[in-house]
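**Q**
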Amino acid sequence: MKTKTALLAVAAFLCSTAFGQKATIAVVNIEYRAMDSAQNKEIRAFGGETREDTRAFGDMLTTALVKTNKLNVIERDRMEVILKEQGLSVEGFASGGFEGGGLNLQGVDYILTGAITEFGMSAKASTFGGFSGGSEKAKMAVDVRVLEVATGSIGYADTVSAEASTGGAFKIDGVASGGESDASAAMGEVMRKAAQNVTNAIVTSIYPIKVVTVQSNGDVMLNYGDSVLAEGDVLEVFTQGEAFVDPDTGEELGREEELVGRIEVSSVQARFSKATVVDGGDIANGMLARKTDQVVDNKGRVKEKRKRRLF
0 MKTKTALLAV AAFLCSTAFG QKATIAVVNI EYRAMDSAQN KEIRAFGGET
50 REDTRAFGDM LTTALVKTNK LNVIERDRME VILKEQGLSV EGFASGGFEG
100 GGLNLQGVDY ILTGAITEFG MSAKASTFGG FSGGSEKAKM AVDVRVLEVA
150 TGSIGYADTV SAEASTGGAF KIDGVASGGE SDASAAMGEV MRKAAQNVTN
200 AIVTSIYPIK VVTVQSNGDV MLNYGDSVLA EGDVLEVFTQ GEAFVDPDTG
250 EELGREEELV GRIEVSSVQA RFSKATVVDG GDIANGMLAR KTDQVVDNKG
300 RVKEKRKRRL F
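Residue numbers (numbering that gives the first Met the number 0): 0 to 310.
Shown next, in the form of structure tokens:
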């Protein structure tokens, strides 16, 4: 069932970290650039004008990065000190002002910055007689950039999003239940989900999910634990072939990849996971694995995951 596919990768970004060494990443300012909705202002989602939500998101992002055990992480406060020693500023990195030139920041490989570009609540309501109810959904999008310190260029850029729904609010003859507390909880949950999604995207770009070993009983051991994977996740496993090189720049654009099988995560630990083969075979040490939106049914068949209705 081998199917060939040519997938592009941020190859130069992946190869810039020496084998066997943890890369060091610094988290700097995450700016807030989303428009405030009337609903957000009403529930005071942002703590007045202080924009403490951006600092909270930065803290969540730092925690998620540390939990992967793949990177050495420098917090914002420490990074501010390092930048001041170089006559630079956190705000300068946040605005992308240092792209294109090498930076003298010893011990730092990457700098993570970006902006919150969507953050708000949407609602769907219904009314019947004296009863009115509905549910709300928190949405968040973050545009992230990872700068390579050695070159000052952007090695990774993407828009990452997340959603979280409330338990719903209702009124009977004008008496409300739920509402502000549910919405605030959803805003906090969506920030944490977004922080995890950003972390997974960045860390697996630097260190892809790989097969560590295939045990004698056929179990497949993977190099990520519960910070990235969960029981029931289905992953496609690939071999890597010949690299594609840009004839103008000499940059590696990607590699030909061959799908050899699918695996389902059966258990997760802090730093590794165990999976079983559900489709295909010939899985070997060092092969790449990528999560899919598929699930395995009770008969062991791989199917597309159904999207859950939020309302």
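Even for Gly, the Cβ is constructed at its ideal location relative to N, Cα and C.
1) Return the residue from the list GLY253, LEU287 and ALA185 that minimises the CA-CA distance to TYR206.
2) Which of the three DSSP states is assigned to ASP278 in this structure?
3) Do the region 250-260 and the region 190-203 touch if we need at least three Cβ pairs shorter than 8 Å?
4) Can you round the beta-carbon distance between ASN222 and VAL211 to whole angstroms, since I take them to be within the 8 Å contact cut?
5) Quick check on ARG307: buried or exposed, where buried means 16 or more other Cβ atoms within 10 Å of its Cβ?
6) Under 7 Å, do PHE118 and ALA33 count as touching if we go by C-beta distance?
7) Use the C-beta contact count for SER226: other C-beta atoms within 10 angstroms, 16 or more gives buried, fewer gives exposed.
8) Which word fits ASP292, buried or exposed, when buried means at least 16 other C-beta atoms lie within 10 angstroms of its C-beta?
9) Give me the Cα-Cα distance between SER272 and ILE208, rounded to the nearest whole angstrom.
10) Suppose contacts are defined by Cβ-Cβ distances below 7 Å. Is THR165 in contact with ASP181 by that definition?
11) Would ALA137 and GLU30 qualify as a contact pair, given that the criterion is a beta-carbon distance under 7 Å?
12) Please state whether the Cβ-Cβ distance between MET59 and MET190 is less than 7 Å.
13) State the Cα-Cα distance for the pair THR23 and ASP76, rounded to the nearest angstrom.
14) Is GLY154 buried or exposed, if buried means 16 or more other CB atoms sit within 10 Å of its CB?
15) Looking only at C-alpha atoms, which of VAL107, LEU64, GLU188 and ALA161 sits nearest to GLU147?
16) Are LYS290 and ASP232 closer than 7 Å when you measure CB to CB?
17) Would you mind reading off the limits of the alpha helix (DSSP H) that contains ILE153?
18) Looking at the secondary structure, which residues open and close the alpha helix (DSSP H) in which ILE81 lies?
19) Looking only at its chain, what residues have a beta carbon closer than 8 Å to the beta carbon of ASN284, apart from the 5 residues adjacent to it on each side?
**A** On the basis of the coordinates in this document:
1) The count along the sequence shown starts at 1 and reaches residue 206 at position 207. Measuring from the Cα of TYR206, the nearest candidate turns out to be LEU287.
2) One-based indexing of the sequence shown puts residue 278 at position 279. Residue state, collapsed to three classes: strand.
3) no
4) Residue numbering aside, residue 222 sits at position 223 when the sequence shown is read from its first letter. Residue numbering aside, residue 211 sits at position 212 when the sequence shown is read from its first letter. So it is a contact: roughly 5 Å between Cβ atoms.
5) If you number the sequence shown from 1, residue 307 lands on position 308. A caution first: ARG307 carries a pLDDT of 38, below 50, which makes its placement in the model unreliable, though a value can still be read off. With fewer than 16 other Cβ atoms within 10 Å, it is exposed.
6) Within the sequence shown, numbered from 1, the residue matching residue 118 stands at position 119. Within the sequence shown, numbered from 1, the residue matching residue 33 stands at position 34. Their beta carbons are under 7 Å apart, which means PHE118 touches ALA33 by this criterion.
7) Your numbering for residue 226 matches position 227 in the sequence shown. With 16 or more Cβ atoms within 10 Å of its Cβ, SER226 is classed as buried.
8) As a first step, residue 292 must be located in the sequence shown, where it is residue number 293. That one is exposed.
9) Position 273 of the sequence shown holds residue 272. Position 209 of the sequence shown holds residue 208. Whole-angstrom Cα-Cα distance: 10 Å.
10) To locate residue 165, count along the sequence shown from 1; it is residue 166. To locate residue 181, count along the sequence shown from 1; it is residue 182. In this structure, ASP181 lies closer than 7 Å to THR165 by Cβ.
11) Working through the sequence shown from its first residue, we reach residue 137 at position 138. Working through the sequence shown from its first residue, we reach residue 30 at position 31. Cβ distance not < 7 Å, so ALA137 and GLU30 don't count as in contact.
12) Within the sequence shown, the letter at position 60 stands for residue 59. Within the sequence shown, the letter at position 191 stands for residue 190. Closer than 7 Å, so yes.
13) For this step, residue 23 is matched to residue 24 along the sequence shown. For this step, residue 76 is matched to residue 77 along the sequence shown. Distance between the alpha carbons of THR23 and ASP76 is about 15 Å.
14) Residue 154 sits at position 155 when you count from the first residue of the sequence shown. GLY154 should be labelled buried.
15) Taking the first residue of the sequence shown as position 1, residue 147 is located at position 148. Of the candidates VAL107, LEU64, GLU188 and ALA161, the one whose C-alpha sits nearest the C-alpha of GLU147 is VAL107.
16) Taking the first residue of the sequence shown as 1, we reach residue 290 at position 291. Taking the first residue of the sequence shown as 1, we reach residue 232 at position 233. Going by C-beta atoms, LYS290 is nearer than 7 Å to ASP232.
17) Residue numbering aside, residue 153 sits at position 154 when the sequence shown is read from its first letter. Per DSSP, ILE153 belongs to no alpha helix (DSSP H); it is in the beta strand (DSSP E), 153-164.
18) Counting from 1 along the sequence shown, the entry for residue 81 is found at position 82. Segment 75-84, the alpha helix (DSSP H) holding ILE81.
19) For the purposes of this step, residue 284 is taken as residue 285 along the sequence shown, with counting starting at 1. Within the same chain, ASN284 has close Cβ partners VAL210, VAL211, THR212 and VAL213.
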